[in-house]
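**Student:**
Numbering (my numbering), first residue to last: 254 to 650.
1. Between which residues of its own chain and residue 629 is the CB-CB distance below 6 Å, once the five residues before and five after are set aside?
2. To which residues of the same chain is residue 648 closer than 8 Å at the C-beta, ignoring the five residues directly before and after it?
3. Look at the alpha carbon of residue 627 and the alpha carbon of residue 341, and state the distance between them as a whole number of angstroms.
4. Can you find the residues in the same chain that come closer than 7 Å, C-beta to C-beta, to residue 514, ignoring five residues on each side of it along the sequence?
5. One question on the structure: do residue 352 and residue 561 come within less than 8 Å of each other, judged by their Cβ atoms?
6. Round the Cβ separation of residue 507 and residue 477 to the nearest angstrom and send it over; I've been treating them as touching at under 8 Å.
7. Would you say the beta carbon of residue 516 comes nearer than 7 Å to a heavy atom of the ligand ZN?
8. Could you tell me which whole alpha helix (DSSP H) segments of length 4 or greater appear in the region 512–553?
9. Since residue 335 and residue 356 are thought to touch, with beta carbons under 8 Å apart, how far apart are those beta carbons, to the nearest angstrom?
10. On the three-state DSSP scale, how would you describe residue 438?
11. Could you compute how far the alpha carbon of residue 318 sits from the alpha carbon of residue 309?
12. Our contact map puts residue 604 next to residue 615 with C-beta atoms below 8 Å; I'd like the distance itself, whole angstroms only.
13. Return the CA-CA distance between residue 487 and residue 373, expressed in angstroms with no decimal places.
14. Which residue from 280, 547, 516 and 548 puts its Cα closest to that of residue 535?
15. Can you give me the start and stop residues for the alpha helix (DSSP H) that residue 306 sits inside?
16. Measuring CB to CB, does residue 607 end up less than 8 Å from residue 578?
17. Going by DSSP, what residue range makes up the alpha helix (DSSP H) through residue 673?
18. Could you tell me the alpha carbon to alpha carbon distance between residue 446 and residue 613, rounded to whole angstroms?
19. Roughly how many angstroms lie between the CA atoms of residue 634 and residue 530, to the nearest whole one?
20. Measure from the alpha carbon of residue 650 to the alpha carbon of each residue in 580, 292 and 338, then state which is nearest.
21. Kindly indicate which three-state DSSP category residue 558 falls into: helix, strand or coil?
22. Using the DSSP secondary-structure output, state which residues sit across from residue 407 in a beta bridge.
23. Just the C-alpha distance for residue 260 and residue 348, rounded to the nearest angstrom, thanks.
24. Looking at the structure shown, is residue 575 part of a helix, part of a strand, or coil, going by DSSP?
25. What is the rounded straight-line gap between the Cα of residue 641 and the Cα of residue 625?
26. Drop a sphere of 10 angstroms on the beta-carbon of residue 272, count the other beta-carbons inside from all chains shown, and report buried for 16 or more, exposed for fewer.
27. Just how far apart, CA to CA, sit residue 426 and residue 586?
28. What does DSSP give as the partner residue(s) for residue 504 in the beta ladder?
29. Could you pull the start and end residues of the beta strand (DSSP E) that residue 340 belongs to?
30. Mapping DSSP to helix, strand and coil, what is residue 319?
31. In angstroms, rounded to a whole number, what distance separates the CA positions of residue 350 and residue 563?
32. With DSSP run on the structure shown, which of helix, strand or coil describes residue 290?
33. Which residues share a DSSP beta bridge with residue 563?
34. For residue 257, write down the residues that DSSP places opposite it in a beta bridge.
35. Give the DSSP-derived three-state secondary structure of residue 482 in the structure shown.
36. In the DSSP assignment, find the beta strand (DSSP E) that holds residue 683 and state where it starts and stops.
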């Protein structure tokens with residue numbers, strides 16, 4: 254049995270949650286002896302883009318890597334990728350994103366991370382002109398519909414998305430498996446202490462220095478800040494933080510807001526709306542080693558998304574013991590449980606109240622920190638990989 258894994262978005266360098274998902278899933282698979290897969294005569298073929306192809310190390314003769322240097326949503330995926338899959342001789346493909354060749358020559362499993370483009374089919378969510386946008390959107394719907402109807406099985410990162418597929422696209426629940434993502438890839442305070450820190454206070458002092466290196470543009474480096482991570486697409490609702498920042502400065506003049514995310518046309522649009530002297534810093538992309546201390550030293554992590562498939566950064570904040578304020582949407586209720594303060598998205602008054610409440614109540618911050626760490630521990634990549642393997646086995650029968 255030869256299983257192909259489409260890892261064209263492999264790696265955190267891609268700046269996507271799907272990149273993290275692909276990387277961690279393969280990392281778990283690489284640590285499992287072939288005999289433990291419980292699939293007879295198993296070989297694994299990994300399809301990668303050029304940068305990842307050159308750095309990806311094969312563990313043994315049962316693993317093969319194949320160059321599939323196609324960006325998502327491009328013509329090459331539909332015209333050239335099917336032949337590459339056929340030539341690789343795989344019996345089953347796992348596409349880690351719904352972007353797949355409609356003429357895939359073998360049965361396939363697909364991971365559908367969210368339905369955000371169905372929920373927000375807006376010109377605001379693209380830099381394309383109207384005609385090109387609607388053509389691309391029609392292609393997106395066609396590929397998604399094919400993934401939903403023709404796949405042997407569907408994986409989702411959350412029960413929320415599983416239910417959306419069932420209710421909105423009429424997919425039977427027995428064709429969908431939830432494989433929650435993990436957060437055990439990050440260095441928690443306990444991990445850092447085990448690695449030889451001289452004590453918690455000294456350990457976080459060193460991390461504060463790392464944060465200074467990341468954000469040398471701030472003159473008030475040690476002042477309290479709210480942190481949010483994500484691109485500036487409409488569903489991320491970063492603009493709500495921009496809206497409340499002037500009022501926040503009146504109530505808490507020592508506070509500022511830091512936003513981490515890929516610089517692009519969307520973030521430039523948002524930055525252009527920020528008035529001078531507004532206490533907001535757009536930090537751009539932050540390296541992986543610097544991100545954990547940046548999260549850990551935040552007074553609170555804020556995610557006001559209107560829609561998410563999982564929201565990995567918010568759960569990472571929980572794992573690092575940072576108090577979280579999250580939008581009151583189904584996915585946040587699912588993954589965060591009682592480990593966050595919830596506020597309706599786009600309700601600026603409610604968000605300001607939540608920030609003030611958290612700032613004024615150190616006991617509440619401590620409770621949310623403790624609950625967040627405990628909550629995050631139940632989300633592991635090992636469990637995600639195990640449930641994925643269950644889907645492979647069921648499909649191979």
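For glycine and all other residues, C-beta sits at the position ideal for the given N, C-alpha and C. What you are looking at is a predicted structure, and each value in this text was computed from that prediction instead of being measured.
**Tutor:** Here's the rundown:
1. 436, 568, 571 and 572
2. 345, 360, 362, 405 and 406
3. 43 Å
4. 482, 483, 484, 485 and 520
5. no
6. 6 Å
7. With respect to the ligand ZN, the structure shown offers nothing to examine, as it has no ligands at all.
8. 518–525 and 541–549
9. 5 Å
10. coil
11. 8 Å
12. No, residue 604 and residue 615 are not in contact; Cβ-Cβ is about 20 Å, not under 8 Å.
13. 8 Å
14. 516
15. 303–308
16. yes
17. Outside the shown range of the chain, which is 254 to 650, sits residue 673, and nothing can be said about it.
18. Because the pLDDT of residue 446 is 45, which lies under 50, any placement of that residue in the model is unreliable, and the number read from its coordinates should be weighed accordingly. Near 29 Å, if we compare the C-alpha coordinates of residue 613 and residue 446.
19. 42 Å
20. 292
21. coil
22. 363 and 429
23. 8 Å
24. coil
25. 25 Å
26. buried
27. 21 Å
28. DSSP, once it has assigned bridges, lists no residue as partnering residue 504.
29. Taken as a continuous stretch (DSSP letters only), residue 340 belongs to no beta strand (DSSP E), being part of the alpha helix (DSSP H) at 334–341.
30. strand
31. 14 Å
32. helix
33. For residue 563, which the question treats as bridged, DSSP gives no partner whatsoever.
34. 298 and 346
35. strand
36. The chain is shown from 254 up to 650; residue 683 falls before or after that span and cannot be answered.
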